[in-house]
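Numbering of the sequence shown is given in the numbering used here, commencing with residue 62 and proceeding in unit increments. Reading through the structure tokens given below for one structure.
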Amino acid sequence: MKLYFLPRAPSPNRVRLYIAEKNAETLVVQVEEVSLAGGRHKEPSHLARNALGKVPVLQLEDGTCIHESLAIVEYLEELFPDPAMFGTTPLERARTRATERVAEIRVFYPLGRYVQAVVTQHTRFPDPVIAAHYRSQLPTGLSFLSRQLEAGGPFLMGPKPTMADCTLAATLEFARTNGIHVLDEYKALDAWFERYRTRTVYQSVFNT
Numbered sequence: 062m063k064l065y066f067l068p069r070a071p072s073p074n075r076v077r078l079y080i081a082e083k084n085a086e087t088l089v090v091q092v093e094e095v096s097l098a099g100g101r102h103k104e105p106s107h108l109a110r111n112a113l114g115k116v117p118v119l120q121l122e123d124g125t126c127i128h129e130s131l132a133i134v135e136y137l138e139e140l141f142p143d144p145a146m147f148g149t150t151p152l153e154r155a156r157t158r159a160t161e162r163v164a165e166i167r168v169f170y171p172l173g174r175y176v177q178a179v180v181t182q183h184t185r186f187p188d189p190v191i192a193a194h195y196r197s198q199l200p201t202g203l204s205f206l207s208r209q210l211e212a213g214g215p216f217l218m219g220p221k222p223t224m225a226d227c228t229l230a231a232t233l234e235f236a237r238t239n240g241i242h243v244l245d246e247y248k249a250l251d252a253w254f255e256r257y258r259t260r261t262v263y264q265s266v267f268n269t
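Right, here's the structure in full:
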């Protein structure tokens, strides 16, 4: 199998973190960069993999392609259930999916839009109005996740990492590499992120 990705993009990086957490010896996936700068995402070869021209894309050995981060992850989870990255019981899986959705909808999406609105690398015309709009949406998700860590930990769902950790870590790394830090008021989350960044799996993805 091969995963097509963009190094600094949070969507493929949460898949890469998931794969790393599964253990490289158990789940071996080759990776290949698709350069936006070179326009490779719009070349016919990549459009054949994903007509939307986006990453990540997982190409199977028979050439079949799966796109969208969670679709890729859930496919891999079916094939490689250990270690379980969504929990081992129906209730654990439901709670993990709910937390992952909070991380995605309440943090991943608005923080990504905020970065795009303020960082000149991503926009020719920074827009403070749009930036303020998306930044104002962050406290809801960050507060929720911080309280969850304070109630359990050391990971979002308790003693073991899950897909929820992968989504949040990839999001915060995207912000960090763009010089944006949003965790000053969320000490539990800030400590969690610093711990998570020391993990071997994290460093294998981000080369930190």
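The beta-carbon is built from N, C-alpha and C at its ideal position, and this holds for glycine as well.
Member of the options whose CA lies at the smallest distance from the CA of residue i
{"i": "SER207", "options": "PHE267, VAL168 and MET224", "result": "VAL168"}
{"i": "SER130", "options": "LEU67, PRO187 and ARG101", "result": "LEU67"}
{"i": "GLU153", "options": "PHE235, TYR257, GLU234 and LYS221", "result": "LYS221"}
{"i": "GLU234", "options": "VAL176, HIS194 and GLN209", "result": "VAL176"}
{"i": "TYR170", "options": "THR201, ASP143 and LEU121", "result": "THR201"}
{"i": "GLY173", "options": "GLY148, HIS242, ALA236 and ASP245", "result": "ALA236"}
{"i": "ILE241", "options": "VAL134, GLU122, PHE147 and VAL179", "result": "VAL179"}
{"i": "CYS227", "options": "ASP245, ARG162, SER204 and HIS128", "result": "ARG162"}
{"i": "MET224", "options": "ILE133, VAL243 and LEU199", "result": "ILE133"}
{"i": "TYR65", "options": "TYR257, LEU119, ARG75 and ILE80", "result": "LEU119"}
{"i": "LYS63", "options": "PHE147, HIS128, GLU211 and ARG196", "result": "HIS128"}
{"i": "PRO215", "options": "PRO117, PRO105, LEU121 and ARG260", "result": "ARG260"}
{"i": "ASN84", "options": "ASP143, TYR195 and ARG256", "result": "ASP143"}
Unbroken alpha helix (DSSP H) run spanning residue i, endpoints
{"i": "PHE205", "result": "199-212"}
{"i": "ILE191", "result": "189-196"}
{"i": "PRO171", "result": "170-179"}
{"i": "ARG156", "result": "151-163"}
Residue i - DSSP class collapsed to helix/strand/coil
{"i": "LYS63", "result": "strand"}
{"i": "PRO144", "result": "coil"}
{"i": "TYR341", "result": "With the chain represented from 62 up to 269, any question about residue 341 goes unanswered, as that position is not in the structure."}
{"i": "PHE235", "result": "helix"}
{"i": "ARG69", "result": "coil"}
{"i": "TYR247", "result": "coil"}
{"i": "ILE166", "result": "helix"}
Bridge partner(s) assigned by DSSP for residue i
{"i": "PHE216", "result": "GLY219"}
### Length-filtered (4 minimum) alpha helix (DSSP H) runs lying within the region 71-140
For the alpha helix (DSSP H) assignment, the uninterrupted runs of no fewer than 4 residues enclosed by the region 71-140 are, from N- to C-terminal side, 71-83, 105-110 and 130-140.
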